[in-house]
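*Asks:* Chains as they are written, first to last, in our numbering: chain A, 3 to 383; chain B, 826 to 924.
Heads up, the beta-carbon is just placed ideally off N, CA and C, and yes, glycines get one too.
My structure is below; once you've seen it, I'll send some questions.
Next up, the structure:
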């Protein structure tokens, strides 16, 4: 399995990160730590071209994300073009900026689905972790979503500071009539990686949370789908990154950089291509960036001879870079990785950490500028 | 426990509709019908696609079966269609109002 990477199928998922601007300051944000350096956003015409090129390649699901995509005042235009082209459009939002008028305009433009993210079910925790007072707003936005007839999908990112509230979180989603609740354990890249020692839950916390989710599943049956995304730090097995590098997802960042996953910008090596300079077809099939870790031919040991290599495709390249300092290494969350002790030690520290030794780093422009200058976000950081 | 809805079995008078928030469409790049839902997609095989594309929230199962039998010069398709609809309802691809 060496040589040229396999020719992929279509990029079924097009993720358009419309802006890095965001009114929230979440400590687990997966936007790049140096996002403030990439403020040169694509214009409307560029986005409409990206949609047309993506659809022609066979993309069918469209994620409209950010930052906070509602901060783009051309969102309705983008949604309308997406609908005309036959995309199923998903708006991934904190809900800040969604008025009744805007919700109605987006519905008229053809938006298919709104995924509303919450930080927690209790206002105090919600405000603490997102650093603004947003909980009442989200209650209101949840009602707007129902009133427009959109499927109600809620997303809560779990970590040590909120995972013990999971029963209340599920109760809230049930009360709102959510069809689906995604309980996504934090993935430790970018801002979450900076804050990892405060955010990693203990094994005991995870077990309690999973037991709670199981009780709710028995109670609500298939009325509300409960997705519990297990954290790879605690499992000892690597997961496929976005279903395989350059296999399914094509992410376009706010400044037009095309990425095989939303955190790949941090990786060393040549710069990823930009949609201002190349078509999506060239980017998807021919660019070095999308071919770099496609398939299994790039692998080193222990992955190269591993029986699981086709299942997990070596795991996450960003995690290998962040933890092992080598983007071609086995994902250190895998117990077969020579760097696995870095992960088990971090989880063990979560259980013994008596208190917070340094403050949480909130995702905002001053911190981004400071950390960009300091070079944090690389393995040396 | 007590808030699980009781599924009703499809009958010839059932009028199915595509599930809430889902969209059925033909995908040229994949040469098949797909069912789109929030952040996901199901590729339908040919017979599932033929049944699903006849579901419009107006026609009952008897009419859908008759149309399929005409289109494929076949008879006795009703059991297959009913079995598919029961499966599809469990997946929430389709829905109908209980009689």
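Suppose contacts are defined by Cβ-Cβ distances below 8 Å. Is residue 155 of chain A in contact with residue 173 of chain A by that definition?
*Replies:* Their beta carbons are not under 8 Å apart, which means residue 155 of chain A does not touch residue 173 of chain A by this criterion.
*Asks:* Could you have a look at residue 856 of chain B and say whether DSSP puts it in helix, strand or coil?
*Replies:* DSSP places residue 856 of chain B in coil when its eight states are reduced to three.
*Asks:* Which residues does DSSP pair with residue 843 of chain B in a beta bridge?
*Replies:* DSSP lists B:919 as partners of residue 843 of chain B.
*Asks:* Along the chain, where does the alpha helix (DSSP H) that runs through residue 32 of chain A open and close?
*Replies:* Residue 32 of chain A -> no alpha helix (DSSP H), and no H or E assigned at all.
*Asks:* Taking only runs that begin and end inside the segment 192-263 of chain A, name each unbroken alpha helix (DSSP H) of 4 or more residues, in chain order.
*Replies:* As far as the segment 192-263 of chain A is concerned, its whole alpha helix (DSSP H) runs of at least 4 residues are 192-196, 198-201, 205-222 and 234-237.
*Asks:* Using a Cβ-Cβ cut-off of less than 8 Å, list which residues of the segment 236-259 of chain A approach chain B; keep chain order.
*Replies:* Cβ contacts with chain B: none found.
*Asks:* Rounded to the nearest angstrom, what separates residue 68 of chain A and residue 112 of chain A at their Cα positions?
*Replies:* Their Cα atoms are separated by approximately 20 Å.
*Asks:* For residue 836 of chain B, does the three-state DSSP call read helix, strand or coil?
*Replies:* It is coil, neither helix nor strand.
*Asks:* Bridge partners of residue 115 of chain A, per DSSP?
*Replies:* In DSSP, residue 115 of chain A forms a bridge with A:92.
*Asks:* Can you find a C-beta in chain A that's less than 8 Å from the C-beta of residue 910 of chain B?
*Replies:* Judged by the 8 Å Cβ criterion, residue 910 of chain B is not in contact with chain A.
*Asks:* In angstroms, rounded to a whole number, what distance separates the CA positions of residue 835 of chain B and residue 910 of chain B?
*Replies:* Going from the Cα of residue 835 of chain B to the Cα of residue 910 of chain B covers about 7 Å.
*Asks:* Cβ of residue 7 of chain A less than 8 Å from any chain B Cβ?
*Replies:* Not one chain B Cβ lies under 8 Å of residue 7 of chain A.
*Asks:* With three or more beta-carbon pairs closer than 8 Å as the criterion, would you say the segment 251-268 of chain A touches the segment 186-193 of chain A?
*Replies:* At 8 Å Cβ cutoff, the stretches touch.
*Asks:* For the beta strand (DSSP E) containing residue 865 of chain B, list its first residue and its last residue.
*Replies:* Here the beta strand (DSSP E) through residue 865 of chain B covers 865-868.
*Asks:* Thinking just about the alpha-carbon of each residue, which of A:22, A:88 and A:29 is nearest to the one in residue 74 of chain A?
*Replies:* Minimum Cα distance to residue 74 of chain A is reached at A:22.
*Asks:* Give me the Cβ distance between residue 13 of chain A and residue 298 of chain A, rounded to the nearest whole Å; I'm assuming they're in contact under 8 Å.
*Replies:* Residue 13 of chain A to residue 298 of chain A, Cβ: 20 Å. No contact.
*Asks:* Which same chain residues end up closer than 6 Å to residue 344 of chain A when comparing Cβ atoms and leaving out the 5 residues on each side of it in sequence?
*Replies:* Taken in chain order, the residues that qualify are 325 and 334.
*Asks:* Note down, in chain order, all residues in the segment 192-214 of chain A with a beta-carbon under 8 Å from any beta-carbon belonging to chain B.
*Replies:* So the list is empty, because no residue satisfies the distance condition.
*Asks:* Considering only the alpha carbon of each residue, which of A:320, A:258, A:337 and A:311 lies closest to residue 51 of chain A?
*Replies:* Per the Cα distances, A:258.
*Asks:* With DSSP collapsed to three states, give me the class of residue 301 of chain A.
*Replies:* In the structure shown, residue 301 of chain A sits in coil (DSSP, three-state: anything other than H, G, I, E or B).
*Asks:* Taking 8 Å as the CB-CB limit, is residue 159 of chain A close to chain B?
*Replies:* For residue 159 of chain A, the answer is no, since every Cβ of chain B falls outside 8 Å of its Cβ.
*Asks:* Is the segment 205-215 of chain A touching the segment 226-245 of chain A, taking contact as three or more C-beta pairs under 8 Å?
*Replies:* Yes, they touch.
*Asks:* For residue 323 of chain A, would you say it is in contact with chain B, using Cβ-to-Cβ distances shorter than 8 Å as the test?
*Replies:* No - not a single Cβ of chain B is within 8 Å of the one on residue 323 of chain A.
*Asks:* Compare the Cα-Cα distances from residue 372 of chain A to each of A:38, A:45, A:33 and A:20 and report the closest residue.
*Replies:* Answer by Cα proximity: A:38.
*Asks:* Report, in whole angstroms, the separation of the C-beta atoms of residue 282 of chain A and residue 59 of chain A, which I expect to be a contact under 8 Å.
*Replies:* Right, their Cβ atoms sit about 6 Å apart.
*Asks:* Grab me the residues of residue 9 of chain A's own chain with a C-beta within less than 8 Å of its C-beta, minus the 5 sequence neighbours each way, in chain order.
*Replies:* The answer, listed in chain order, is 287.
*Asks:* Between A:31, A:36, A:146 and A:32, which has its C-alpha nearest residue 375 of chain A's C-alpha?
*Replies:* The residue with the shortest Cα to Cα distance from residue 375 of chain A is A:36.
*Asks:* Per DSSP, which one or two residues make a beta bridge with residue 848 of chain B?
*Replies:* Beta-bridge pairing links residue 848 of chain B to B:861.
*Asks:* Would you mind telling me which residues of chain B sit closer than 8 Å to residue 53 of chain A, beta carbon to beta carbon, in chain order?
*Replies:* The contacting residues do not exist; residue 53 of chain A stays about 15 Å from chain B at best.
*Asks:* Just verifying my parser: in three-state terms, what is the DSSP assignment at residue 73 of chain A?
*Replies:* Helix at residue 73 of chain A.
*Asks:* Please list, in chain order, the chain A residues whose beta carbon lies closer than 7 Å to that of residue 854 of chain B.
*Replies:* Within chain A, the residues near residue 854 of chain B are 12 and 60.
*Asks:* Counting contacts by CB-CB distance shorter than 8 Å, is residue 340 of chain A in contact with chain B?
*Replies:* Chain B, which has no Cβ nearer than 8 Å to the Cβ of residue 340 of chain A, makes this no.
*Asks:* At a CB-CB cut-off below 9 Å, which residues of chain A make contact with residue 849 of chain B?
*Replies:* Those within 9 Å of residue 849 of chain B in chain A number zero; the least Cβ separation is about 11 Å.
*Asks:* Are the beta-carbon atoms belonging to residue 856 of chain B and residue 903 of chain B less than 8 Å from one another?
*Replies:* No. Outside cutoff.
*Asks:* Can you tell me the Cβ-Cβ gap for residue 108 of chain A and residue 79 of chain A, rounded? I've got them flagged as a contact below 8 Å.
*Replies:* Contact doesn't hold; Cβ gap of about 11 Å is too wide.
*Asks:* Report the rounded CA-to-CA distance for residue 93 of chain A versus residue 847 of chain B, giving the unit in angstroms.
*Replies:* So the alpha carbons of these two residues sit roughly 15 Å apart.
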